[in-house]
Amino acid sequence: MTRYVAPAWVRFPATILLVILTWVHPVLAHTLQVEPVAIVLRPQDTYIGAEFSGNVQDIMQIPGEQTGEAERSGDTFNQSARERIEAYVNSELRLEQGGTVLWGEITDIRYDDNVDPAKSRYTMAFRYARPPGARDEAMRVTSTLFDYLPNALTTINVGGFQRNLEPGETAEVDASDLLSNLSTNVANFLKLGMEHIFTGQDHLAFIFGLLIIAPDFRTLVKILTGFTVSHSISLIFVTLGNVELPMFWVELFVYATIIYVGFENLSADPPKHRFWYATGFGFIHGLAFGSNLRAIGLPEGNALFWSLLSFNLGVELAQVIVCAAVFPLLIWWKAAALKRASGDGIKWETVTKTVSLLIVAAGGYWMMEKLLPLVSGTQP
16 MTRYVAPAWV RFPATILLVI LTWVHPVLAH TLQVEPVAIV LRPQDTYIGA EFSGNVQDIM
76 QIPGEQTGEA ERSGDTFNQS ARERIEAYVN SELRLEQGGT VLWGEITDIR YDDNVDPAKS
136 RYTMAFRYAR PPGARDEAMR VTSTLFDYLP NALTTINVGG FQRNLEPGET AEVDASDLLS
196 NLSTNVANFL KLGMEHIFTG QDHLAFIFGL LIIAPDFRTL VKILTGFTVS HSISLIFVTL
256 GNVELPMFWV ELFVYATIIY VGFENLSADP PKHRFWYATG FGFIHGLAFG SNLRAIGLPE
316 GNALFWSLLS FNLGVELAQV IVCAAVFPLL IWWKAAALKR ASGDGIKWET VTKTVSLLIV
376 AAGGYWMMEK LLPLVSGTQP
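Written out as structure tokens, the structure is:
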């Protein structure tokens, strides 16, 4: 048997490629920060709210701390890990105002689980009590967060101030950027409300489930109005009533509403009483909005009412934008499908049922993500 020997023009490049891959592999295996840690500071009269966001791998690799998979529960971390993360942040992020070092208390931490770890992100909320009489003082910010990563970077945002900090660097935030005023709070919470819709896949899936079989724009407006009024009521109830709700169960019920809407779209008969159950489901979605808002931190004094109003307006504005963009496309899609169906084209009913099945599948997937930790005994 003759042994095959590759020609030199094949062997030489292959050898070079093997050497390069052997050298590159350790480099690729070396942990790097996927994205800078973004910290948004929201000053109030007696405290400063801080919202952190970044890649979840940063937190899971804190040297000497157990904050890995075993400490994760659902879409958050268990109490023991939260306490260690709180202590780590306070030791590595130093906020100093009026000669006093501020101590932060963690109020919320979530992560979006993803098969690709590089795309799994976390959000974390802290509350720093401001020292009495230091409201008009500048603040020094020093960060050594995640300095065990070779390319660690922290971005500080507050008022009109933005600065990137490498480990050990200090930035001074002017007192004017730390002032709490009504217009700033209103603008921030309007933006926050819009972000909750645009980045909330579950809420978008629910809205799209209502859109896909809405017979006309008037009916759609009626249904969304009921949904809006009810979730506004429950949001205010949670935020002003100082009500603590288990987010695990709230989000589980949100996913159940998505599954229900998708299944109802699959029925042969047109959905009945959609206005009433969309209104009822709005109360559940409002509980989720309110709990998230409380975790971030609410303004004080007169700004509280206006900030809640602007947050609600932000949510509604985002819903209007989504509906205004999607509903005309659905009308066009339906007309085109009905025209093609006169021949051998795909029927519009097939389109709506396929989309509705995808909505059911999405809701079911999110629900299973929630239930698996409970079944395995890791959910608190």
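Each residue of the sequence shown is one higher than the one before, starting from 16 at the first, in the working numbering.
Backbone N, C-alpha and C fix where the C-beta goes; we use that ideal spot for every residue, glycine too.
Query raised in the report: What span of residues does the alpha helix (DSSP H) with F232 cover, start to end?
Result: Looking up residue 232 in the sequence shown gives position 217. Taken as a continuous stretch (DSSP letters only), the alpha helix (DSSP H) holding F232 covers F232 to L255.
Report task. Kindly indicate the opening and closing residues of the alpha helix (DSSP H) around V269. Result -> As a working mapping, residue 269 is identified with position 254 in the sequence shown. Taken as a continuous stretch (DSSP letters only), the alpha helix (DSSP H) holding V269 covers M262 to L281.
Query raised in the report: Quick one: Cα of E259 to Cα of N166, how far?
Result: Locating residue 259 in the sequence shown gives position 244, counting from the first residue. Locating residue 166 in the sequence shown gives position 151, counting from the first residue. E259 and N166: Cα-Cα distance of roughly 39 angstroms.
Query raised in the report: Going by beta carbon distance, what residues of the same chain come within less than 6 angstroms of A149, once the five residues before and after it are set aside?
Result: As a working mapping, residue 149 is identified with position 134 in the sequence shown. Only Q112 and G113 meet the Cβ criterion.
Query raised in the report: Rounded to a whole number of angstroms, what is the C-alpha to C-alpha distance between I212 and V341?
Result: In the sequence shown, residue 212 corresponds to position 197, counting from 1. In the sequence shown, residue 341 corresponds to position 326, counting from 1. Spanning the two alpha carbons is a distance of roughly 14 angstroms.
Requested in this report: Name the two residues that bound the continuous alpha helix (DSSP H) containing Q59.
Outcome: As a position in the sequence shown, residue 59 is number 44, starting the count at 1. Note, Q59: premise wrong, no alpha helix (DSSP H); not H, not E.
**Report entry** Which of helix, strand or coil DSSP assigns to N93
**Finding:** In the sequence shown, the residue the question calls residue 93 occupies position 78. In the structure shown, N93 sits in coil (DSSP, three-state: anything other than H, G, I, E or B).
Query raised in the report: Does DSSP classify S158 as helix, strand or coil?
Result: Mapped onto the sequence shown, residue 158 falls at position 143. The answer is strand: DSSP assigns S158 an E or B state.
Query - Alpha-carbon spacing of S68 relative to V52, whole angstroms - result: Within the sequence shown, residue 68 is the residue found at index 53, counting from 1. Within the sequence shown, residue 52 is the residue found at index 37, counting from 1. Roughly 6 angstroms between the two C-alpha positions.
Query raised in the report: CA-CA distance, S249 and D217?
Result: Within the sequence shown, the letter at position 234 stands for residue 249. Within the sequence shown, the letter at position 202 stands for residue 217. Distance between the alpha carbons of S249 and D217 is about 18 angstroms.
Query raised in the report: Hey, quick one: how far does the beta strand (DSSP E) through I121 stretch, first residue to last?
Result: In the sequence shown, counting from the first residue as 1, residue 121 sits at position 106. Run containing I121: G119 to Y126, per the beta strand (DSSP E) assignment.
**Report entry** Close beta carbons around P146, own chain, < 7 angstroms, minus the five adjacent residues each side
**Finding:** Here residue 146 refers to the residue found at position 131 of the sequence shown. Counting only Cβ-Cβ distances below 7 angstroms, and skipping sequence neighbours, we find Q112, G113 and T115.
Report task. Could you work out which residue in W363, R99, Y380 and M75 is closest to P230 when comparing CA atoms only? Result -> Residue 230 sits at position 215 when you count from the first residue of the sequence shown. Here the closest residue by C-alpha is W363.
Report task. Could you check which residue in V173, E279, V71 and V253 has the C-alpha nearest to that of F221? Result -> For the purposes of this step, residue 221 is taken as residue 206 along the sequence shown, with counting starting at 1. It is E279.
Requested in this report: Please go through the same chain and pick out, in chain order, the residues whose beta-carbon is closer than 7 angstroms to the beta-carbon of A303, but skip the five residues on each side of it.
Outcome: Mapped onto the sequence shown, residue 303 falls at position 288. For A303, where only same-chain residues beyond five positions count, the Cβ hits under 7 angstroms are V265, E266 and V269.
Query raised in the report: Leaving out five residues before and five after C338 in sequence, what residues of the same chain have Cβ atoms less than 8 angstroms from its Cβ?
Result: Here residue 338 is taken as the residue at index 323 of the sequence shown, counted from 1. Closer than 8 angstroms at the Cβ level, and outside the excluded window around C338, lie I222, L226, L235 and L239.
Query raised in the report: Is it true that the CB of V370 sits closer than 9 angstroms to the CB of A352?
Result: One-based indexing of the sequence shown puts residue 352 at position 337. One-based indexing of the sequence shown puts residue 370 at position 355. No. Outside cutoff.
Query raised in the report: Which partner residues of I171 appear in the DSSP bridge assignment?
Result: Taking the first residue of the sequence shown as position 1, residue 171 is located at position 156. DSSP output for I171 lists I54 and R178 as bridge partner(s).
Requested in this report: Tell whether a beta-carbon distance below 9 angstroms holds between Q76 and P314.
Outcome: As a first step, residue 76 is located in the sequence shown; it is residue number 61 there, counting from the start. As a first step, residue 314 is located in the sequence shown; it is residue number 299 there, counting from the start. It is not a contact, given that the beta carbons lie outside the stated cut-off.
Query raised in the report: Is A293 near E210, with beta carbons less than 9 angstroms apart?
Result: On the sequence shown, position 278 is the one that residue 293 refers to. On the sequence shown, position 195 is the one that residue 210 refers to. In this structure, E210 does not lie closer than 9 angstroms to A293 by Cβ.
Query raised in the report: If you measure from the beta carbon of G378 to each beta carbon in chain E, is any gap under 9 angstroms?
Result: Here there is only one protein chain, and chain E is not present.
**Report entry** Three-way DSSP call (helix, strand, coil) for S135 in this model
**Finding:** Along the sequence shown, read from residue 1 onward, the residue named residue 135 stands at position 120. Reduced to three states, the DSSP call for S135 is coil.
Query - Whole-angstrom distance between S95 and T243, CA atom to CA atom - result: Locating residue 243 in the sequence shown gives position 228, where the first residue counts as 1. Locating residue 95 in the sequence shown gives position 80, where the first residue counts as 1. Whole-angstrom Cα-Cα distance: 38 angstroms.
Requested in this report: Measure the alpha-carbon distance for G329 versus A202 and round it to whole angstroms.
Outcome: Here residue 329 is taken as the residue at index 314 of the sequence shown, counted from 1. Here residue 202 is taken as the residue at index 187 of the sequence shown, counted from 1. Each residue's alpha carbon lies about 9 angstroms from the other.
Report task. Decide if A377 is buried, meaning its Cβ has at least 16 other Cβ atoms within 10 Å, or exposed. Result -> Counting from one through the sequence shown, the residue named residue 377 turns up at place 362. With 16 or more Cβ atoms within 10 Å of its Cβ, A377 is classed as buried.
Report task. Would you decide whether T61 is buried or exposed? Buried here means 16 or more other CB atoms lie within 10 Å of its CB. Result -> Along the sequence shown, one-based indexing puts residue 61 at 46. When all chains shown are included, T61 counts as exposed.
Query raised in the report: Which of helix, strand or coil does DSSP assign to A318?
Result: Here residue 318 refers to the residue found at position 303 of the sequence shown. Helix.
Requested in this report: Give every residue of the same chain whose Cβ lies closer than 7 angstroms to the Cβ of V290, excluding the five residues on either side of it in the sequence, and list them in chain order.
Outcome: The residue given as residue 290 occupies position 275 in the sequence shown. First, the residue type needs correcting, since residue 290 is Phe and not Val in the sequence shown. So the list reads K237, I238 and G241, once near-sequence residues are dropped.
Requested in this report: Could you tell me the distance, in whole angstroms, from the CA atom of D151 to the CA atom of D189?
Outcome: The residue you call residue 151 lines up with position 136 of the sequence shown. The residue you call residue 189 lines up with position 174 of the sequence shown. Distance between the alpha carbons of D151 and D189 is about 9 angstroms.
**Report entry** Where the beta strand (DSSP E) through L110 begins and ends
**Finding:** The residue labelled residue 110 in the question sits at position 95 within the sequence shown. Segment L108 to Q112, the beta strand (DSSP E) holding L110.
Requested in this report: Evaluate E187 with the Cβ neighbour count: other Cβ atoms within 10 Å of its Cβ, from every protein chain shown; 16 or more gives buried, anything less gives exposed.
Outcome: Working through the sequence shown from its first residue, we reach residue 187 at position 172. Classification for E187: exposed.
Query raised in the report: When the distance is taken between beta carbons, is T157 closer than 9 angstroms to L194?
Result: Counting from one through the sequence shown, the residue named residue 194 turns up at place 179. Counting from one through the sequence shown, the residue named residue 157 turns up at place 142. No, the pair does not count as a contact, with Cβ atoms beyond the cut-off.
Query raised in the report: Thinking C-beta only, is F252 closer than 9 angstroms to G301?
Result: Reading the sequence shown from its first residue, position 286 is the one you call residue 301. Reading the sequence shown from its first residue, position 237 is the one you call residue 252. Taking 9 angstroms as the Cβ cut-off, G301 and F252 qualify as a contacting pair.
Query raised in the report: Going by alpha carbons, who is nearest to D284 out of K368, L197, I54 and S191?
Result: If you number the sequence shown from 1, residue 284 lands on position 269. If we check each option's Cα against that of D284, K368 comes out closest.
Query raised in the report: Which term fits V34, buried or exposed, when burial requires 16 or more other beta carbons within 10 angstroms of its beta carbon?
Result: Here residue 34 corresponds to residue number 19 of the sequence shown, with the count starting at 1. Below a pLDDT of 50, predicted positions are generally treated as unreliable, and V34, at 45, falls in that range; the measurement from the model is reported next regardless. That one is exposed.
Query raised in the report: In whole angstroms, what separates the C-alpha of G215 from that of L207?
Result: Reading the sequence shown from its first residue, position 200 is the one you call residue 215. Reading the sequence shown from its first residue, position 192 is the one you call residue 207. Rounded to whole angstroms, G215 to L207 spans 12 angstroms at the Cα level.
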